[in-house]
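Below: one structure, written as structure tokens.
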Amino acid sequence: METSLLHQQISLPLVNWFDTHQRKLPWREEYSPYSVWISEIMLQQTQVDRVIPYYLRWMQRFPTLESVSIASYEELLRLWEGMGYYSRVKFIHKTSKIILNQFGGQFPENLDELLKLPGIGPYTAGAIMSIAFNQNYPLVDGNVIRILARIFNIENSVEHRETKNFIWKKAEELILPGRARWLNQALMELGALICTPKSPVCQGCPVQKPCLSFHLGCTEQRPVVQPSKKAIPIKVVVGVLQKDGLFFIQQRPANGLMADLWEFPGGKINQGERPEDALVREFQEELQFNVQVGEKIITLKHGYTNFSVTLHAYFCKLVPENQSPILHFASDYRWIKSEDFRAYAFPAANRRLINLLNKL
DNA sequence: AAGCCGGGGTA
DNA sequence: TACCCAGGCTT
Numbered sequence: 007m008e009t010s011l012l013h014q015q016i017s018l019p020l021v022n023w024f025d026t027h028q029r030k031l032p033w034r035e036e037y038s039p040y041s042v043w044i045s046e047i048m049l050q051q052t053q054v055d056r057v058i059p060y061y062l063r064w065m066q067r068f069p070t071l072e073s074v075s076i077a078s079y080e081e082l083l084r085l086w087e088g089m090g091y092y093s094r095v096k097f098i099h100k101t102s103k104i105i106l107n108q109f110g111g112q113f114p115e116n117l118d119e120l121l122k123l124p125g126i127g128p129y130t131a132g133a134i135m136s137i138a139f140n141q142n143y144p145l146v147d148g149n150v151i152r153i154l155a156r157i158f159n160i161e162n163s164v165e166h167r168e169t170k171n172f173i174w175k176k177a178e179e180l181i182l183p184g185r186a187r188w189l190n191q192a193l194m195e196l197g198a199l200i201c202t203p204k205s206p207v208c209q210g211c212p213v214q215k216p217c218l219s220f221h222l223g224c225t226e227q228r229p230v231v232q233p234s235k236k237a238i239p240i241k242v243v244v245g246v247l248q249k250d251g252l253f254f255i256q257q258r259p260a261n262g263l264m265a266d267l268w269e270f271p272g273g274k275i276n277q278g279e280r281p282e283d284a285l286v287r288e289f290q291e292e293l294q295f296n297v298q299v300g301e302k303i304i305t306l307k308h309g310y311t312n313f314s315v316t317l318h319a320y321f322c323k324l325v326p327e328n329q330s331p332i333l334h335f336a337s338d339y340r341w342i343k344s345e346d347f348r349a350y351a352f353p354a355a356n357r358r359l360i361n362l363l364n365k366l
């Protein structure tokens with residue numbers, strides 16, 4: 007399809023639809039590079055409704071890039087707790103310092119410079135260029151992939167390099183000069199409200215006419231993706247270790263799963279192993295602590311991307327009482343008062359347990 | 001190219 | 001249960 011025809015049949019109907027149908031969202035109040043950047047990082051693999059309260063809290067506490075750069079990583083991580091993908095907030099901290107120290111506090115209005123910044127990849131760089139600066143740059147996220155795979159009826163897997171290149175090229179051709187901010191947001195808004203993964207609302211779609219998949223009746227089969235691996239069920243046990251009214255918590259390593267977050271010690275229950283025995287073993291392996299397992303607190307289920315976890319929680323105590331930990335897994339540890347749980351970032355399942363403890 | 005990295009909403 | 005989400009980094 008010729009570019010002008012593409013604009014006439016797709017781009018213009020999209021921006022006109024966006025004019026009247028867009029949702030009122032906090033990050034659409036102003037299009038500053040800082041607010042666009044924060045919202046885009048938060049929105050990576052995270053749905054709008056979940057981001058909104060985090061975004062509002064963040065902007066209240068850190069209204070400027072400079073306020074982020076001088077904040078402690080611990081406080082940033084605490085504000086991020088519950089959103090997942092915690093490396094994002096570490097990258098935000100790093101990038102805020104780089105922009106302050108190397109760019110005089112101003113975001114570079116340059117795609118290649120943006121791509122060098124930690125946590126900013128092709129999508130986010132395109133988002134800052136187009137949404138913040140309104141420069142003529144495309145962006146491709148899950149919405150854009152789905153919409154274009156349907157409009158052009160892309161039968162190849164969108165996970166392949168060549169298909170991705172094709173989609174980026176089409177996204178670029180769709181850009182209306184001087185209106186990239188609007189066009190790109192319109193695409194993503196259409197993906198969120200109309201061209202949804204399941205049961206798309208084609209009746210209300212402004213680009214129904216040029217959509218090949220709609221006419222072929224195969225919108226549900228687009229985009230083509232490889233089947234994902236199914237969640238593996240695992241059993242986990244954690245111990246709430248108390249001494250003199252203080253609680254023992256440890257900090258996870260700086261890399262890997264839930265990096266830098268704090269947690270109650272514990273670990274995976276082996277096949278055929280009793281939870282209590284697993285807990286004694288884990289305390290010994292990770293901390294060289296000899297513990298006695300006490301009362302059961304709760305069993306709760308928690309879903310991860312690739313695991314469905316059944317978590318057993320027990321009170322426990324040191325026997326004998328005067329032991330010092332030797333850290334084989336954790337990077338740090340603390341004995342804290344119950345009111346200090348709020349000062350540390352915990353994984354969601356641990357936070358649920360803490361909330362329960364506070365009610366006991 | 002594939003794996004890793006969270007968490008919750010939804011059907 | 002399985003899939004999805006305004007992706008990026010590492011290997």
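Each residue of the first sequence is one higher than the one before, counting from 7 in this note's numbering.
All C-beta atoms, glycine included, are put in the ideal place defined by N, C-alpha and C.
None of these values were measured; they are calculated from a predicted model.
Spatial distance of residue i from residue j (CA atoms)
{"i": "lysine 175", "j": "leucine 145", "result": "10 angstroms"}
{"i": "phenylalanine 335", "j": "threonine 101", "result": "28 angstroms"}
{"i": "isoleucine 76", "j": "leucine 85", "result": "15 angstroms"}
{"i": "leucine 293", "j": "glycine 300", "result": "18 angstroms"}
{"i": "phenylalanine 220", "j": "proline 19", "result": "16 angstroms"}
{"i": "leucine 62", "j": "phenylalanine 352", "result": "21 angstroms"}
{"i": "cysteine 201", "j": "isoleucine 342", "result": "49 angstroms"}
{"i": "glutamate 184", "j": "tyrosine 91", "result": "The sequence as given places glycine at residue 184; glutamate does not occur at that position. Going from the Cα of glycine 184 to the Cα of tyrosine 91 covers about 34 angstroms."}
{"i": "serine 93", "j": "proline 259", "result": "12 angstroms"}
{"i": "lysine 274", "j": "glutamate 8", "result": "57 angstroms"}
{"i": "asparagine 364", "j": "alanine 349", "result": "15 angstroms"}
{"i": "serine 234", "j": "leucine 154", "result": "21 angstroms"}
{"i": "phenylalanine 313", "j": "leucine 306", "result": "14 angstroms"}
{"i": "serine 344", "j": "aspartate 338", "result": "18 angstroms"}
{"i": "leucine 82", "j": "histidine 99", "result": "8 angstroms"}
{"i": "phenylalanine 289", "j": "serine 78", "result": "30 angstroms"}
{"i": "asparagine 116", "j": "glycine 278", "result": "57 angstroms"}
Coarse secondary structure for residue i, derived from DSSP in three states
{"i": "threonine 70", "result": "coil"}
{"i": "glycine 245", "result": "strand"}
{"i": "proline 239", "result": "strand"}
{"i": "glutamine 298", "result": "strand"}
{"i": "leucine 123", "result": "coil"}
{"i": "aspartate 283", "result": "helix"}
{"i": "isoleucine 2", "result": "This structure leaves residue 2 out entirely; the chain is present only between 7 and 366."}
{"i": "alanine 354", "result": "helix"}
{"i": "threonine 316", "result": "strand"}
Beta-carbon gap between residue i and residue j smaller than 8 angstroms
{"i": "valine 230", "j": "glutamate 178", "result": "no"}
{"i": "tryptophan 23", "j": "proline 239", "result": "no"}
{"i": "leucine 324", "j": "alanine 355", "result": "no"}
{"i": "leucine 149", "j": "leucine 193", "result": "Before going further, note that residue 149 is asparagine rather than leucine in the sequence given. In contact: asparagine 149 and leucine 193 (Cβ atoms closer than 8 angstroms)."}
{"i": "valine 42", "j": "tryptophan 33", "result": "yes"}
{"i": "proline 271", "j": "phenylalanine 254", "result": "yes"}
{"i": "glutamate 380", "j": "glutamine 28", "result": "Absent from the model: residue 380. The displayed extent of the chain is 7 to 366, so no value can be given."}
{"i": "isoleucine 137", "j": "glutamine 191", "result": "yes"}
{"i": "leucine 71", "j": "leucine 106", "result": "yes"}
{"i": "glutamine 256", "j": "aspartate 266", "result": "no"}
Contacting residues, own chain, Cβ-Cβ under 6 angstroms from residue i (five flanking each side not counted)
{"i": "phenylalanine 97", "result": "Pro124, Gly125"}
{"i": "alanine 319", "result": "Val244, Ile303, Ile304, Leu359"}
{"i": "valine 74", "result": "Phe68, Ser102"}
{"i": "threonine 225", "result": "Arg156, Pro206, Ser219"}
{"i": "tyrosine 129", "result": "Leu145, Asp147"}
Beta-carbon contacts of residue i that lie in its chain and below 7 angstroms, excluding the five residues immediately before and after
{"i": "isoleucine 151", "result": "Val164, Ile173, Pro229"}
{"i": "glutamate 291", "result": "His334"}
{"i": "leucine 198", "result": "Strictly speaking, residue 198 in this sequence is alanine, with leucine absent from that position. Counting only Cβ-Cβ distances below 7 angstroms, and skipping sequence neighbours, we find Val54, Asn149."}
Cβ shell of residue i (< 8 angstroms), same chain only, five flanking positions each side left out
{"i": "isoleucine 16", "result": "Ile157, Leu180, Val213, Pro216"}
{"i": "valine 5", "result": "Past the edges of the chain, shown from 7 to 366, lies residue 5, and the structure says nothing about it."}
{"i": "histidine 13", "result": "Leu180, Leu182"}
{"i": "lysine 249", "result": "Lys323, Leu324, Glu327, Trp341"}
Which runs of the alpha helix (DSSP H) at least 4 residues long sit entirely within the region 199-227? Give them in chain order. 218-222
Runs of alpha helix (DSSP H) wholly within the region 124-187 (minimum 4 residues, chain order): 128-133, 148-157, 167-180
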